[in-house]
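Residue 16 is where the sequence shown starts when you use the numbering used here, and the numbers rise one by one after that.
Here a beta-carbon is modelled for each residue, glycine too, at the ideal position from N, C-alpha and C.
The structure presented is a predicted model; accordingly, all values stated were derived computationally and were not measured.
These notes concern the structure reproduced below.
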Amino acid sequence: MPLKPTGHMTRWLVTAAIVAVACSGSPIMTHEQLESEMRHLRSLDAEAQLLQDVVAAHHSKSRFTREHARYLQRSAHEHAHSLAQARSVPGDEAELERVRAAATRLEERFVALVIEMQ
């Protein structure tokens, strides 16, 4: 004889599912958080462009520029790493993939920048 779900069982199952998701270690990113993440990535990208412009104008690679390039690379790596573990709310899966791809491209750009600054 199959069990017939009761209101109490349903509430318990929903609570258990929420606890399982919360304990999974994968942060769930809302649409607003994904937009914020993309703005942050754009800001890092603009900062890298400014750094490259300064180096090109002064034709030198000071210790500051090398260290700043490393800082940008580490920051992009942290974003890419956290996004790789994140999940989106239902319906925002494509947006999460777009932001992940942008973070990965940015990290690759910064690795090249660090190499260029040496």
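Euclidean distance between Cα positions of residue i and residue j
i, j, result
"Arg115", "Ile130", "23 angstroms"
"Tyr86", "Ser77", "14 angstroms"
"Ala37", "His73", "Because the pLDDT at Ala37 is just 48, under 50, the model does not fix this residue reliably, and the point stays unresolved."
"Glu122", "Asp107", "23 angstroms"
Selected residue, minimal CA-CA separation from residue i, among the options
i, options, result
"Val69", "Glu123, His55 and Ala84", "Ala84"
"Leu128", "Glu108, Arg113 and Glu82", "Glu82"
"Phe125", "Ala61, Ser41 and Ala71", "Ala61"
Limits of the unbroken alpha helix (DSSP H) element including residue i
i, result
"Asp107", "Looking at the DSSP string, Asp107 is not in any alpha helix (DSSP H), and its letter there is neither H nor E."
"Thr80", "Arg78 to Gln100"
"Gln67", "His46 to His73"
Whole-angstrom C-beta distance between residue j and residue i, which should lie under 8 angstroms
i, j, result
"His94", "Leu49", "About 12 angstroms; that fails the 8 angstroms criterion."
"Ala91", "Leu65", "Not confirmed; about 15 angstroms, so no contact."
9 angstroms Cβ cutoff met for residue i and residue j
i, j, result
"Glu52", "Leu98", "yes"
"Leu111", "Arg120", "no"
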